[in-house]
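Enquirer: I'd like to ask you about the structure that follows.
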Amino acid sequence: MGCNTHTLVAHVAALHHSSALLLKYRVGPDNQHGWFLPNDDLHHLEHPEQAARRILKEQAGIDDATLKLAEIESFVGNNQTWHLIFDYLAFTRTMSTSPGKAVAELRWFEIDKLPPAEDFAHHGWGRTVLVKHALGKAQPLTTSSPR
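Residue numbers (this note's numbering): 403 to 549.
Below is the structure:
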């Protein structure tokens, strides 16, 4: 039974060193096409972090990641429901993935070589989330030599 007042979504930016995982759904949510961050509606009484873990497992075959809540977005969506979006960063142990049933394509991209915003669903929303939250956190460790 869906709620016609609220939409609760977990949105997961899966990161491995300087790469981010993007996917394309077979049938995009809201009839959207293009690249997405893994995401899904929360199940009834499901904690957002548990939803993020479920989404990674079901959509990308990832079951070993450290999660960090980056932001909670709040807005009125196209369907006029109040959207609460839980944006998570997921630091994965490996780049090994397995696309879920609803996933048409799954690919790692270097953060500094992401597809352009127009190649993303929802007017580049997933790209904006990555740039905002992941850019500084996904860079490889570097060492500087003393001068």
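Every residue, glycine too, gets a C-beta built ideally from N, C-alpha and C.
Please read these numbers as outputs of a predicted model, since none were measured by experiment.
(1) How would you call residue 422, buried or exposed, if buried means at least 16 neighbouring beta carbons within 10 angstroms?
(2) Count the other CB atoms, across all protein chains shown, that sit within 10 Å of the CB of residue 457; report buried if there are 16 or more and exposed otherwise.
(3) On the premise that residue 516 lies in contact with residue 532, defined as a C-beta separation below 8 Å, what is that separation, rounded to the nearest angstrom?
(4) Can you pull the DSSP bridge partners for residue 412?
(5) Enumerate in chain order the residues of its own chain whose CB-to-CB distance from residue 459 is below 6 Å, with the five nearest sequence positions on each side excluded.
(6) Does the beta-carbon of residue 418 have 16 or more other beta-carbons within 10 angstroms, so that it is buried, or is it exposed?
(7) In angstroms with no decimal places, state the Cα-to-Cα distance between residue 489 and residue 503.
Expert: Let me spell this out:
(1) On the sequence shown, position 20 is the one that residue 422 refers to. Result: buried.
(2) Position 55 of the sequence shown, counted from the first residue, corresponds to residue 457. It is buried - the Cβ of residue 457 has at least 16 other Cβ atoms within 10 Å.
(3) Start at 1 with the first residue of the sequence shown, and residue 532 comes out as number 130. Start at 1 with the first residue of the sequence shown, and residue 516 comes out as number 114. About 7 Å separates the two Cβ atoms, so the contact holds.
(4) Counting from one through the sequence shown, the residue named residue 412 turns up at place 10. According to DSSP, residue 412 bridges with 442, 488.
(5) Stepping through the sequence shown from its first residue, residue 459 is reached at position 57. Result list for residue 459: 465, in chain order.
(6) Numbered from 1 along the sequence shown, position 16 holds the residue referred to as residue 418. Buried, since its Cβ has 16 or more Cβ neighbours within 10 Å.
(7) Position 87 of the sequence shown, counted from the first residue, corresponds to residue 489. Position 101 of the sequence shown, counted from the first residue, corresponds to residue 503. Rounded to the nearest angstrom, the two C-alpha atoms are 23 Å apart.
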